[in-house]
Amino acid sequence: MSDINIVKEVLDMQDRQNFNDTDLAAIAGTSKTTVGKWFKGTPIKDEYLVNLSNGIDDTRFSLAVDCYLFNFPAILLNIVNEYNSETSSLLVGTQIEDLNSDTAIENALKEISKSNPDENIIEFGIFKMFRTSSIMRAGAEALAHRYHISLKKAALGERG
-15 MSDINIVKEV
-5 LDMQDRQNFN
5 DTDLAAIAGT
15 SKTTVGKWFK
25 GTPIKDEYLV
35 NLSNGIDDTR
45 FSLAVDCYLF
55 NFPAILLNIV
65 NEYNSETSSL
75 LVGTQIEDLN
85 SDTAIENALK
95 EISKSNPDEN
105 IIEFGIFKMF
115 RTSSIMRAGA
125 EALAHRYHIS
135 LKKAALGERG
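This note's numbering applies: residue -15 is where the sequence shown begins, and numbers increase by one.
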(Lines of atoms letter the chains of each structure in order from A and count residues from 1; the text may use other names and numbers.)
(Lines give C-alpha, C1' and ligand atoms only; values in the text may rest on other atoms or scores of the structure.)
Protein backbone atom coordinates (compact mmCIF):
# COMPACT_ATOMS: atom_id res chain seq x y z
CA MET A 1 0.00 0.00 0.00
CA SER A 2 1.16 3.52 -0.74
CA ASP A 3 2.58 5.81 1.93
CA ILE A 4 0.24 8.57 0.70
CA ASN A 5 -2.65 9.60 2.97
CA ILE A 6 -5.07 10.12 0.10
CA VAL A 7 -7.88 11.44 2.30
CA LYS A 8 -5.56 14.17 3.62
CA GLU A 9 -4.54 14.94 0.02
CA VAL A 10 -8.21 15.26 -0.98
CA LEU A 11 -8.88 17.57 1.98
CA ASP A 12 -5.80 19.68 1.24
CA MET A 13 -6.76 19.94 -2.44
CA GLN A 14 -10.31 20.86 -1.43
CA ASP A 15 -8.91 23.70 0.69
CA ARG A 16 -6.51 24.90 -2.04
CA GLN A 17 -9.26 24.90 -4.64
CA ASN A 18 -11.93 26.29 -2.30
CA PHE A 19 -14.30 23.41 -3.17
CA ASN A 20 -17.12 22.13 -1.02
CA ASP A 21 -18.24 18.49 -0.85
CA THR A 22 -20.86 19.11 -3.56
CA ASP A 23 -18.14 20.36 -5.93
CA LEU A 24 -16.00 17.29 -5.24
CA ALA A 25 -18.97 14.98 -5.76
CA ALA A 26 -19.79 16.55 -9.13
CA ILE A 27 -16.20 16.28 -10.37
CA ALA A 28 -15.71 12.75 -8.99
CA GLY A 29 -18.99 11.52 -10.43
CA THR A 30 -20.59 10.52 -7.16
CA SER A 31 -22.87 11.91 -4.46
CA LYS A 32 -22.20 14.43 -1.69
CA THR A 33 -23.05 11.67 0.79
CA THR A 34 -20.31 9.44 -0.61
CA VAL A 35 -17.80 12.30 -0.39
CA GLY A 36 -18.75 12.83 3.25
CA LYS A 37 -18.11 9.14 3.93
CA TRP A 38 -14.55 9.46 2.58
CA PHE A 39 -13.72 11.80 5.44
CA LYS A 40 -15.15 9.31 7.94
CA GLY A 41 -12.97 6.42 6.75
CA THR A 42 -14.74 4.86 3.78
CA PRO A 43 -12.11 4.10 1.12
CA ILE A 44 -12.21 6.29 -1.98
CA LYS A 45 -12.71 4.31 -5.17
CA ASP A 46 -9.85 4.63 -7.65
CA GLU A 47 -12.34 5.77 -10.29
CA TYR A 48 -13.29 8.80 -8.18
CA LEU A 49 -9.64 9.70 -7.56
CA VAL A 50 -8.90 9.53 -11.29
CA ASN A 51 -11.94 11.69 -12.05
CA LEU A 52 -10.83 14.26 -9.49
CA SER A 53 -7.25 14.24 -10.74
CA ASN A 54 -8.35 14.64 -14.36
CA GLY A 55 -10.98 17.23 -13.56
CA ILE A 56 -9.01 19.57 -11.33
CA ASP A 57 -5.95 21.60 -12.23
CA ASP A 58 -3.93 20.83 -9.10
CA THR A 59 -0.41 19.53 -9.70
CA ARG A 60 0.20 18.29 -6.17
CA PHE A 61 -3.08 16.40 -6.08
CA SER A 62 -2.42 14.79 -9.47
CA LEU A 63 1.01 13.62 -8.30
CA ALA A 64 -0.49 12.38 -5.02
CA VAL A 65 -3.10 10.33 -6.90
CA ASP A 66 -0.37 8.85 -9.12
CA CYS A 67 1.72 7.95 -6.07
CA TYR A 68 -1.31 6.44 -4.34
CA LEU A 69 -2.64 4.44 -7.28
CA PHE A 70 0.71 3.17 -8.54
CA ASN A 71 2.34 2.76 -5.13
CA PHE A 72 5.05 5.29 -5.94
CA PRO A 73 7.01 6.80 -3.07
CA ALA A 74 5.56 9.96 -1.55
CA ILE A 75 8.92 11.68 -1.99
CA LEU A 76 7.88 12.36 -5.61
CA LEU A 77 5.52 14.98 -4.20
CA ASN A 78 8.60 17.10 -3.48
CA ILE A 79 8.56 18.02 -7.17
CA VAL A 80 5.76 20.49 -6.47
CA ASN A 81 8.06 22.31 -4.05
CA GLU A 82 10.80 22.55 -6.67
CA TYR A 83 8.78 23.84 -9.63
CA ASN A 84 6.07 26.47 -9.91
CA SER A 85 2.88 24.64 -10.92
CA GLU A 86 2.11 27.17 -13.68
CA THR A 87 2.06 25.38 -17.04
CA SER A 88 5.14 26.93 -18.63
CA SER A 89 7.17 26.41 -15.44
CA LEU A 90 6.25 22.74 -15.43
CA LEU A 91 7.29 22.43 -19.07
CA VAL A 92 10.64 24.03 -18.27
CA GLY A 93 10.91 21.64 -15.30
CA THR A 94 10.20 18.74 -17.64
CA GLN A 95 13.09 19.78 -19.86
CA ILE A 96 15.42 20.22 -16.88
CA GLU A 97 14.52 16.82 -15.42
CA ASP A 98 14.83 15.13 -18.79
CA LEU A 99 18.30 16.56 -19.39
CA ASN A 100 19.42 15.74 -15.85
CA SER A 101 18.21 12.15 -16.07
CA ASP A 102 20.04 11.30 -19.31
CA THR A 103 23.42 10.71 -17.67
CA ALA A 104 21.94 8.69 -14.81
CA ILE A 105 20.00 6.49 -17.25
CA GLU A 106 23.07 6.00 -19.47
CA ASN A 107 25.10 5.00 -16.41
CA ALA A 108 22.39 2.54 -15.32
CA LEU A 109 22.36 1.01 -18.81
CA LYS A 110 26.14 0.55 -18.67
CA GLU A 111 25.84 -1.09 -15.26
CA ILE A 112 23.18 -3.62 -16.23
CA SER A 113 25.45 -4.90 -18.99
CA LYS A 114 28.19 -5.72 -16.46
CA SER A 115 28.55 -9.14 -14.87
CA ASN A 116 28.61 -7.55 -11.40
CA PRO A 117 26.59 -4.32 -11.67
CA ASP A 118 26.62 -1.62 -9.00
CA GLU A 119 23.02 -1.56 -7.79
CA ASN A 120 23.42 1.97 -6.40
CA ILE A 121 24.03 3.30 -9.91
CA ILE A 122 21.03 1.37 -11.23
CA GLU A 123 18.89 2.60 -8.33
CA PHE A 124 19.86 6.22 -9.02
CA GLY A 125 18.93 5.76 -12.70
CA ILE A 126 15.52 4.43 -11.65
CA PHE A 127 15.08 7.36 -9.25
CA LYS A 128 15.83 9.85 -12.04
CA MET A 129 13.40 8.04 -14.36
CA PHE A 130 10.62 8.33 -11.76
CA ARG A 131 11.31 12.03 -11.21
CA THR A 132 11.36 12.72 -14.93
CA SER A 133 8.15 10.81 -15.60
CA SER A 134 6.41 12.49 -12.66
CA ILE A 135 7.24 16.02 -13.76
CA MET A 136 6.37 15.11 -17.37
CA ARG A 137 2.97 13.86 -16.27
CA ALA A 138 2.40 16.97 -14.16
CA GLY A 139 3.35 19.18 -17.11
CA ALA A 140 1.11 17.23 -19.49
CA GLU A 141 -1.84 17.48 -17.10
CA ALA A 142 -1.33 21.22 -16.58
CA LEU A 143 -1.14 21.78 -20.34
CA ALA A 144 -4.26 19.66 -20.91
CA HIS A 145 -6.19 21.61 -18.26
CA ARG A 146 -5.00 24.96 -19.60
CA TYR A 147 -6.20 24.17 -23.13
CA HIS A 148 -9.24 22.10 -22.09
CA ILE A 149 -7.94 18.92 -23.71
CA SER A 150 -9.28 15.68 -22.31
CA LEU A 151 -6.51 13.58 -20.76
CA LYS A 152 -8.13 10.49 -22.23
CA LYS A 153 -8.08 12.03 -25.68
CA ALA A 154 -4.46 13.11 -25.24
CA ALA A 155 -3.37 9.73 -23.84
CA LEU A 156 -4.98 7.91 -26.78
CA GLY A 157 -3.38 10.27 -29.27
CA GLU A 158 -6.75 11.17 -30.78
CA ARG A 159 -6.79 14.15 -33.09
CA GLY A 160 -9.62 16.68 -32.84
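For each residue, glycine too, the CB sits at the ideal point set by N, CA and C.
Buried or exposed by the 16-neighbour rule on C-beta atoms within 10 Å, applied to residue i
{"i": "residue 67", "result": "buried"}
{"i": "residue 134", "result": "exposed"}
{"i": "residue 130", "result": "exposed"}
{"i": "residue 112", "result": "buried"}
{"i": "residue 3", "result": "buried"}
{"i": "residue 103", "result": "exposed"}
{"i": "residue 141", "result": "exposed"}
{"i": "residue 60", "result": "buried"}
Short Cβ contact (8 Å threshold) for residue i with residue j
{"i": "residue 19", "j": "residue 33", "result": "no"}
Heavy atom of the ligand MG within 7 Å of residue i beta-carbon
{"i": "residue 11", "result": "You won't find the ligand MG in this model; it holds no ligand whatsoever."}
Nearest-angstrom Cα separation, counted from residue j out to residue i
{"i": "residue 71", "j": "residue 77", "result": "10 Å"}
{"i": "residue 15", "j": "residue -10", "result": "18 Å"}
{"i": "residue 35", "j": "residue 98", "result": "44 Å"}
{"i": "residue 64", "j": "residue 75", "result": "13 Å"}
{"i": "residue 85", "j": "residue 92", "result": "11 Å"}
{"i": "residue 90", "j": "residue 5", "result": "47 Å"}
{"i": "residue 57", "j": "residue 87", "result": "22 Å"}
{"i": "residue 138", "j": "residue 13", "result": "21 Å"}
{"i": "residue -7", "j": "residue 136", "result": "23 Å"}
- Query: How do the region -5 to 10 and the region 41 to 58 stand: do at least 3 beta-carbon pairs fall below 8 Å, yes or no?
  - Reply: yes
- 4 or more residues per run - each alpha helix (DSSP H) lying fully within the region -7 to 63: 5 to 12, 16 to 22, 30 to 39 and 43 to 54
- Task: Report yes or no: do three or more beta-carbon pairs, one from the region 116 to 129 and one from the region 23 to 31, lie closer than 8 Å?
- Result: no
- Query: Curious, which full-length beta strand (DSSP E) runs of at least 3 residues does the region 69 to 139 contain?
  - Reply: none
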